[in-house]
Amino acid sequence: MTAIANAPAIDAAAVQTPVAQAPDRLWLYALLALVATAGFFYVNIMSAIVDGLITGLDFTNAQAGTVAAANIYGASVGSFIAVLLVRRVRWRPTLFALLSLLLLLDLGSLAIHTAGPLTAMRALHGLVGGMAVGVVYSVMARTQSPDRAFGMLLLVQFGLGGLGVMFLPTLVPEFGARILFLSLAALTACALVAIFAIPHLADSRPAAEGALAQRLSTTARTTAVLALLALLLFQAGNMALSAFIIRLGEHYELGRGFIGQALGWATWVGAAGAGLVIFMGTRFGRMRPMLVAMLLTLAGTAGFFWSGSQPVYFIANVGTAVTWSFVVPYLFGMLARLDLSGRLATLGGFMSKLGLASGPMAAGLLLHDDDFPLLIAAAIAALALSGVAMLAAARRIDLLEPRT
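Going by this note's numbering, the sequence shown opens with residue 99, and the numbers climb by one from there.
Below, the structure is given as structure tokens:
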């Protein structure tokens, strides 16, 4: 915490004032959130997918973790490509093409039943989805309130994710793993319709071309690096546990029915964290709310050591879900404030997906002998390091930015 207290302030040019590109309307943020969610909804139902591959296709823990990781590593590459493209393409036709291809890849996954080909298919799916999400992020970053826009994104993700983790694990034994990919395809189809409901105003390029061309100062770049590192570690630490959370409950001899209900309700309640971001904005700054959230995150993650108790397992899931949906919008909001063009927020999407991919991959290796206590300890370490980086970045921005 000493490093946080002594962090240098950043200059006035480091935090840019948002350009009014689209009205500050929740329905607009909801439409953008739906389109973005379609690009990586598999992340929100990752535990159901991993469990479905194991129970429906007889994959091992390592194979299921690898398929999940390939999907997100592909998305990481796609997000990086989007960083290079967002200033050069019109988002609406680009998204329509990418989501159409995404729909075909989800339907194509239905016919694959072996680990190797499915890993390759999902990596390609992630590549396309990552590009789509990166394009949407660039639009969200140029709205009047990026924190609220990304808060709505997490609200939609957790709301739909709650349905997925509650019902999909119970449907896999009856319909097989194909129900997982059909669910993804259905959401993509909805997103294709939503594209045309977003007003034309959101197509606009940022008006302040000077702000787009402005290079980040050295201190602003340092702040951005801290925020990106925090995002990487935060997503990795959370997803390492989340991808195997159903297996964790079964390891501690909890019933599958209870686990599904617990995860579904925890995900829905967890959406309250994103709701708080939408309500609060930055009126209380970022550092203090994020400090409280990180303390709760570490406490909730430590609670998984006692997953043999149904109440503790449920409370730990609820607590970490709330803080997960609370912290991520603020991290993206900070990146958006540092760069109005949306490229830095898109780069944040790359780092986020890199963390989301690394978590399941590392977890699959750590669980070679079903050593869940080791996995929990590793997740806590990653989250603690993330907390140090994000609080340092938040303090730098809070010193300058007016609270809204």
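We treat Cβ as the ideally placed atom computed from N, Cα and C, and that holds for glycine.
When the Cα of residue i is compared with those of the options, which residue comes out closest?
i: valine 175; options: Ala455, Ser484, Ile474; result: Ala455
i: asparagine 336; options: Ala180, Val254, Ala369, Ile474; result: Ile474
i: glycine 398; options: Ala128, Ser145, Ala414, Ala490; result: Ala414
i: aspartate 467; options: Val486, Ala173, Arg345, Ala275; result: Arg345
i: alanine 334; options: Ser145, Met459, Ile179; result: Met459
i: alanine 360; options: Val420, Val263, Lys451; result: Val263
i: valine 231; options: Gly362, Arg435, Trp366, Leu130; result: Leu130
i: alanine 538; options: Leu331, Leu438, Val375; result: No answer is possible for residue 538: the residues shown for the chain start at 99 and end at 502.
i: threonine 444; options: Leu182, Gly249, His223; result: Leu182
i: serine 177; options: Met449, Ile478, Val486, His211; result: Met449
i: phenylalanine 377; options: Gly228, Trp189, Leu201, Phe248; result: Phe248
i: arginine 220; options: Gln242, Thr286, Ile170; result: Ile170
i: valine 226; options: Leu197, Ala128, Ser236; result: Leu197
i: isoleucine 277; options: Arg494, Ala372, Ile210, Leu393; result: Ile210
Count the other CB atoms within 10 Å of the CB of residue i; is the residue buried (16 or more) or exposed (fewer)?
i: valine 323; result: exposed
i: serine 407; result: exposed
i: serine 145; result: buried
i: arginine 386; result: exposed
i: phenylalanine 402; result: buried
i: methionine 488; result: buried
i: tryptophan 404; result: exposed
i: glycine 457; result: buried
i: proline 471; result: exposed
i: threonine 268; result: exposed
i: glycine 446; result: buried
i: phenylalanine 382; result: exposed
i: alanine 492; result: buried
i: glycine 355; result: exposed
Taking the straight line between their C-alpha atoms, what separation do you get for residue i and residue j?
i: valine 416; j: alanine 476; result: 20 Å
i: leucine 465; j: alanine 295; result: 45 Å
i: valine 270; j: alanine 364; result: 21 Å
i: phenylalanine 157; j: alanine 213; result: 7 Å
i: threonine 418; j: alanine 490; result: 21 Å
i: isoleucine 143; j: arginine 240; result: 28 Å
i: aspartate 469; j: leucine 339; result: 12 Å
i: leucine 261; j: leucine 442; result: 31 Å
i: arginine 435; j: alanine 136; result: 25 Å
i: aspartate 245; j: valine 187; result: 24 Å
i: leucine 258; j: leucine 251; result: 11 Å
i: serine 302; j: glycine 150; result: The predicted position of serine 302 is uncertain, since its pLDDT is 39 and thus under 50; no value can be drawn from it.
i: leucine 290; j: valine 254; result: 16 Å
i: leucine 124; j: leucine 132; result: 12 Å
i: leucine 463; j: arginine 190; result: 40 Å
i: leucine 200; j: threonine 217; result: 15 Å
query: Which runs of the alpha helix (DSSP H) fall wholly inside the segment 316 to 364 and span at least 4 residues, in chain order?
result: 316 to 340, 343 to 349
query: Which ranges does the beta strand (DSSP E) cover as unbroken runs of at least 3 residues, wholly within the segment 456 to 491, from first to last along the chain?
result: none
query: Unbroken alpha helix (DSSP H) runs of length 4 or more, entirely within the segment 365 to 421: which are they?
result: 385 to 400
- request: Pick out the complete alpha helix (DSSP H) segments inside the segment 204 to 259, 4 residues or longer, and give them in chain order.
  value: 213 to 239
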